[in-house]
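Visitor: What follows is a structure written as structure tokens; I'll ask about it next.
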Amino acid sequence: MTEKVSTRCLYSVKPWISVVGTIQNGILNELAQGSRTSNGFIDRLLFVMPGNQDKQPWSDKEPSFYIEAAWADIIGKLVSMPYETDADGNIVSNILPFAPEAKAHLYEWQRINTEECNREECDALKGVYNKFDFHAIRFCLILQMARWACGEADKSEIDLVSVENAISLVDYFKATATRVQGIIRELSLSELQRAVMSALPDEFTTEQGVEIAADNSMPERTFKDFIRRFTGIHFQKFRHGVYGKI
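In our numbering, the protein residues as written are 1 to 246.
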């Protein structure tokens, strides 16, 4: 006797998922395997990397549980906000406009970020910088609502303070993204690339680099492609034809 198994497909109009976790530097390269570096997967992740990652001695200092209670109050106030639905039961969005000076500041930042993106020679970082336009807008909304929940602002519009703080967050995450890309590329460097990098001085011209690469059996075209791909990660461009190691 054969049993029939019924299946039911569920369709989500607005699918999303938030992922929070930790990962060791040594296995970051596994996260970037396959097509993940070219399909925008890595670009969508926001990395937090403490400046001091040294092992710390034990301490008898107790954490403040007031912080936990305060955070619970903030989240509770946000999730308990009333909302409207349409005739089909769908939530009606409540749009928060930008205050004029806040919008002008955000647009000026986006112009600068666009210029940085267009100048960036590393394809990996170019993809990351592209995504930060959207991260910035989301940060603006999150910060405005969090400040409202803390009694620091209203929720009628996104003000200049939220925009400025959102840009500060973007600057931090752009810096950590650059560090992560450096770790990923470092782990994926070939022995030849490592040898050439080790032989290069802290600052060098393209001609000097070509000679050093040739001494290590790396063809000129391969070396120039190596510099192009890793500028912004392992190399920085000082001016035309002059580079330095990061």
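For each residue, glycine too, the CB sits at the ideal point set by N, CA and C.
Is the segment 177-184 touching the segment 231-246 in the sense that three or more CB pairs, one from each, lie closer than 8 Å?
Guide: yes
Visitor: Could you tell me the alpha carbon to alpha carbon distance between E157 and S168, rounded to whole angstroms?
Guide: If you number the sequence shown from 1, residue 157 lands on position 157. If you number the sequence shown from 1, residue 168 lands on position 168. If you take the alpha carbons of E157 and S168, they lie about 19 Å apart.
Visitor: So what's K237 in DSSP terms, helix, strand or just coil?
Guide: Your numbering for residue 237 matches position 237 in the sequence shown. Here K237 sits in strand by DSSP.
Visitor: Rounding to the nearest angstrom, what Cα-Cα distance links L200 and V210 in this structure?
Guide: The residue you call residue 200 lines up with position 200 of the sequence shown. The residue you call residue 210 lines up with position 210 of the sequence shown. So the alpha carbons of these two residues sit roughly 10 Å apart.
Visitor: Where does G244 fall in DSSP's three states?
Guide: Counted from its first residue, the sequence shown places residue 244 at position 244. The answer is strand: DSSP assigns G244 an E or B state.
Visitor: Are the Cβ atoms of D159 and A102 separated by less than 8 Å?
Guide: Position 159 of the sequence shown, counting from 1, holds the residue named residue 159. Position 102 of the sequence shown, counting from 1, holds the residue named residue 102. Yes, they are a contact pair.
Visitor: Just tell me which of I227, S190, I183, D202 has its CA closest to the CA of M49.
Guide: As a position in the sequence shown, residue 49 is number 49, starting the count at 1. Its Cα nearest to that of M49, the residue I183 stands out among I227, S190, I183, D202.
Visitor: Given D133, which residues of its chain have a CB within under 7 Å of its CB, disregarding the five upstream and five downstream residues?
Guide: As a first step, residue 133 must be located in the sequence shown, where it is residue number 133. For D133, where only same-chain residues beyond five positions count, the Cβ hits under 7 Å are Q110, N113.
Visitor: For the segment 211-224 against the segment 75-89, do three or more pairs of beta-carbon atoms, one drawn from each stretch, fall closer than 8 Å, so that the two count as touching?
Guide: no
Visitor: Just mark G127 as buried or exposed, buried being the case when its beta carbon has 16 or more other beta carbons within 10 Å.
Guide: Residue 127 sits at position 127 when you count from the first residue of the sequence shown. It counts as buried.
Visitor: Would you list the one or two residues that DSSP bridges to I158?
Guide: Reading the sequence shown from its first residue, position 158 is the one you call residue 158. Looking at the DSSP assignment, I158 forms a beta bridge with F98.
Visitor: Give the secondary structure of T22 by DSSP, where H, G and I count as helix, E and B as strand, and everything else as coil.
Guide: Here residue 22 refers to the residue found at position 22 when the sequence shown is read from its first residue. Looking at T22 - three-state DSSP - the assignment turns out to be coil, as it is neither helix nor strand.
Visitor: When the Cα atoms are used, what is the spatial distance from K77 to I17?
Guide: On the sequence shown, position 77 is the one that residue 77 refers to. On the sequence shown, position 17 is the one that residue 17 refers to. Roughly 22 Å between the two C-alpha positions.
Visitor: Can you tell me whether DSSP reads I91 as helix, strand or coil?
Guide: Working through the sequence shown from its first residue, we reach residue 91 at position 91. Three-state DSSP puts I91 in a strand.
Visitor: Within its chain, find whatever has a CB closer than 6 Å to the CB of R147; leave out the 5 residues flanking it on each side and keep chain order.
Guide: Within the sequence shown, residue 147 is the residue found at index 147, counting from 1. Taken in chain order, the residues that qualify are A153.
Visitor: Assign D202 to one of two classes, buried (16 or more other C-beta atoms within 10 Å of its C-beta) or exposed (fewer than that).
Guide: Taking the sequence shown and counting its residues from 1, the one referred to as residue 202 is at position 202. Exposed: under 16 other Cβ atoms inside 10 Å.
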